[in-house]
Amino acid sequence: MGNEYRIALAGNPNTGKSTLFNALTGLRQHTGNWAGKTVSLAQGSVSFKNKTLHFIDLPGTYSLFSNSKDEEVARNYIVFEKPDVTLVVLDATSLERNFNLALQVLEMTKNVIVCINLIDEAEKQGIRINERLLMNRMGVPVVKISARNKQGFPVLLDTIDRIVTGEIECHPTQMQYSPEIEAQIGKIEPKVREVVGDRISARWISLRLLDGDEALLTELAKRFVPEGVSG
Amino acid sequence: MAQPNIIKLANGQKGNLIKITSINLDGVMRRRLLDLGFVTGAVVEVVRKSPLGDPIAFRVAQTTIALRKEESEKMEGELVANGE
Ligand SMILES: Nc1nc2c(ncn2[C@@H]2O[C@H](COP(=O)(O)OP(=O)(O)O)[C@@H](O)[C@H]2O)c(=O)[nH]1
Ligand SMILES: [Mg+2]
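Chains G and S are the protein sequences, given in the same order.
My numbering puts the first residue of the first sequence at 9, with every later residue one more than the last.
My numbering puts the first residue of the second sequence at 290, with every later residue one more than the last.
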């Protein structure tokens with residue numbers, strides 16, 4: 009069982025997540041509840057290089073600040089269920105809009121692949137994308153695909169494989185904030201790390217707490233009840 | 290030296306290009322607008338205005354988004370082109 013991995017698909021609505029998910033997993037799909045929640049997410053598996061990759065199709069959202077149930081589900085999955093890799097699927101013809109979510113994911117978790125889909129459509133529109141430049145700026149692999157034409161899948165699967173084997177290490181670029189905010193993060197972050205350890209990005213939690221994210225605080229309280237304290 | 294012409298997004302006319310300079314909203318409403326692409330420095334275009342000015346449709350980050358007046362009134366920007 010040591011070589012089973014979970015790969016979450018995140019992205020704005022209509023970026024082709026389900027098309028990618030279906031093309032990759034074909035009929036090997038089911039919907040599963042997770043963590044005792046009533047939310048069900050489509051899951052499907054792919055065999056690749058003696059590994060089983062379980063893909064999870066998260067709800068499409070423009071943001072992950074849990075302003076809606078869908079955002080909360082996607083965010084909690086990425087942060088608390090800790091998939092081995094999070095694939096952020098972007099629409100190549102609408103990158104400006106799509107990068108908002110991509111940058112949020114880079115703050116939340118380490119193993120991220122930015123997957124630029126609809127590359128066929130972008131080419132038709134004369135849009136050229138320099139994935140090397142994006143890779144350098146974002147600190148994680150960037151792969152161009154066309155889910156509809158099943159183009160780019162070998163490179164995508166290979167990139168996933170190299171992340172789970174540790175051959176590729178991701179260093180997601182962290183947004184720098186104003187000196188005042190960075191100073192506040194500096195105060196909160198060590199205390200947050202005492203509670204969550206290295207399981208979750210202490211920087212990201214600190215930022216959310218500074219933003220007054222009460223839903224996250226509630227979620228943390230549920231998941232990190234100290235020993236001997238019952239709720 | 291011409292002073293920049295700062296207007297409320299709610300007062301934009303069809304065709305205007307406005308570069309956002311301030312967003313005077315908090316909490317979830319602010320967050321939602323940021324996620325839609327209404328960030329300082331972004332240039333938005335007024336694409337349609339209903340007769341009473343509510344809602345107004347803006348072109349922002351490659352998408353058209355309609356905002357209620359209570360939102361567009363709370364954002365200001367520099368009028369960079371009149372359009373039309
Ligand atoms: N041209 C093109 N269209 C695509 C591609 N991938 C998905 N689509 C189309 O984009 C639309 C949205 O796809 P869907 O998978 O439902 O997106 P989701 O909301 O992210 O799950 C559908 O009409 C797809 O056929 C692609 O690679 N190229
Ligand atoms: Mg879908």
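We put the beta carbon where it would ideally sit given N, CA and C, even for glycine.
To the nearest angstrom, report how far apart residue i and residue j are at their CA atoms.
{"i": "residue 34(G)", "j": "residue 55(G)", "result": "12 Å"}
{"i": "residue 291(S)", "j": "residue 231(G)", "result": "57 Å"}
{"i": "residue 167(G)", "j": "residue 354(S)", "result": "36 Å"}
{"i": "residue 301(S)", "j": "residue 70(G)", "result": "26 Å"}
{"i": "residue 329(S)", "j": "residue 202(G)", "result": "36 Å"}
{"i": "residue 239(G)", "j": "residue 87(G)", "result": "Low confidence applies to residue 239(G): its pLDDT is 46, below 50, so where it sits in the model is not reliable, and the reading given next is rough at best. The straight-line gap from Cα to Cα measures roughly 22 Å."}
{"i": "residue 31(G)", "j": "residue 321(S)", "result": "32 Å"}
{"i": "residue 3(G)", "j": "residue 119(G)", "result": "Since the displayed chain G opens at 9 and closes at 239, residue 3(G) lies outside it and no answer follows."}
{"i": "residue 129(G)", "j": "residue 99(G)", "result": "9 Å"}
{"i": "residue 215(G)", "j": "residue 362(S)", "result": "28 Å"}
{"i": "residue 173(G)", "j": "residue 77(G)", "result": "33 Å"}
{"i": "residue 348(S)", "j": "residue 304(S)", "result": "10 Å"}
{"i": "residue 59(G)", "j": "residue 14(G)", "result": "11 Å"}
{"i": "residue 68(G)", "j": "residue 101(G)", "result": "17 Å"}
{"i": "residue 307(S)", "j": "residue 369(S)", "result": "6 Å"}
{"i": "residue 63(G)", "j": "residue 155(G)", "result": "15 Å"}
{"i": "residue 115(G)", "j": "residue 340(S)", "result": "43 Å"}
{"i": "residue 22(G)", "j": "residue 298(S)", "result": "28 Å"}
{"i": "residue 315(S)", "j": "residue 204(G)", "result": "29 Å"}
{"i": "residue 131(G)", "j": "residue 137(G)", "result": "9 Å"}
{"i": "residue 53(G)", "j": "residue 165(G)", "result": "12 Å"}
{"i": "residue 169(G)", "j": "residue 121(G)", "result": "11 Å"}
{"i": "residue 198(G)", "j": "residue 212(G)", "result": "12 Å"}
{"i": "residue 12(G)", "j": "residue 61(G)", "result": "6 Å"}
{"i": "residue 296(S)", "j": "residue 171(G)", "result": "49 Å"}
{"i": "residue 17(G)", "j": "residue 124(G)", "result": "12 Å"}
{"i": "residue 312(S)", "j": "residue 192(G)", "result": "23 Å"}
{"i": "residue 309(S)", "j": "residue 364(S)", "result": "7 Å"}
{"i": "residue 194(G)", "j": "residue 81(G)", "result": "29 Å"}
{"i": "residue 337(S)", "j": "residue 331(S)", "result": "18 Å"}
{"i": "residue 29(G)", "j": "residue 117(G)", "result": "21 Å"}
{"i": "residue 227(G)", "j": "residue 75(G)", "result": "14 Å"}
{"i": "residue 92(G)", "j": "residue 200(G)", "result": "23 Å"}
{"i": "residue 247(G)", "j": "residue 371(S)", "result": "In the structure as shown, chain G starts at 9 and stops at 239, and residue 247(G) therefore has no counterpart that could be examined."}
{"i": "residue 333(S)", "j": "residue 346(S)", "result": "10 Å"}
{"i": "residue 360(S)", "j": "residue 222(G)", "result": "23 Å"}
{"i": "residue 108(G)", "j": "residue 97(G)", "result": "12 Å"}
Should residue i go down as buried or exposed, given a rule of 16 or more other Cβ atoms within 10 Å for buried?
{"i": "residue 141(G)", "result": "exposed"}
{"i": "residue 326(S)", "result": "buried"}
{"i": "residue 357(S)", "result": "exposed"}
{"i": "residue 180(G)", "result": "buried"}
{"i": "residue 190(G)", "result": "exposed"}
{"i": "residue 293(S)", "result": "exposed"}
{"i": "residue 351(S)", "result": "exposed"}
{"i": "residue 146(G)", "result": "buried"}
{"i": "residue 44(G)", "result": "Residue confidence is low: residue 44(G) scores 48 on pLDDT, short of 50, so the model does not pin down where it sits. Its coordinate-derived value is still stated next. Classification for residue 44(G): exposed."}
{"i": "residue 219(G)", "result": "exposed"}
{"i": "residue 5(G)", "result": "Since the first residue shown for chain G is 9 and the last is 239, residue 5(G) is missing from the structure and cannot be characterised."}
{"i": "residue 83(G)", "result": "buried"}
{"i": "residue 366(S)", "result": "buried"}
{"i": "residue 160(G)", "result": "buried"}
{"i": "residue 185(G)", "result": "exposed"}
{"i": "residue 65(G)", "result": "buried"}
{"i": "residue 3(G)", "result": "Absent from the model: residue 3(G). The displayed extent of chain G is 9 to 239, so no value can be given."}
{"i": "residue 342(S)", "result": "exposed"}
{"i": "residue 144(G)", "result": "exposed"}
{"i": "residue 106(G)", "result": "buried"}
{"i": "residue 133(G)", "result": "exposed"}
{"i": "residue 20(G)", "result": "buried"}
What are the boundary residues of the beta strand (DSSP E) that includes residue i?
{"i": "residue 65(G)", "result": "59 to 65"}
{"i": "residue 364(S)", "result": "364 to 370"}
{"i": "residue 216(G)", "result": "Segment 210 to 218 is the alpha helix (DSSP H) holding residue 216(G); no beta strand (DSSP E) there."}
{"i": "residue 32(G)", "result": "Residue 32(G) -> not in any beta strand (DSSP E); alpha helix (DSSP H) instead, spanning 25 to 33."}
{"i": "residue 336(S)", "result": "332 to 338"}
{"i": "residue 347(S)", "result": "345 to 349"}
{"i": "residue 54(G)", "result": "48 to 56"}
{"i": "residue 98(G)", "result": "93 to 99"}
{"i": "residue 16(G)", "result": "12 to 19"}
{"i": "residue 306(S)", "result": "306 to 312"}
{"i": "residue 297(S)", "result": "295 to 297"}
I need the boundaries of the alpha helix (DSSP H) containing residue i, first residue and last residue.
{"i": "residue 78(G)", "result": "77 to 84"}
{"i": "residue 317(S)", "result": "316 to 325"}
{"i": "residue 358(S)", "result": "358 to 361"}
{"i": "residue 199(G)", "result": "187 to 204"}
{"i": "residue 229(G)", "result": "222 to 231"}
3 or more residues per run - each beta strand (DSSP E) lying fully within the segment 112 to 176 of chain G
120 to 125 and 150 to 152
Contact set, ligand 2 heavy atom to C-beta under 6 Å:
25(G), 26(G) and 68(G)
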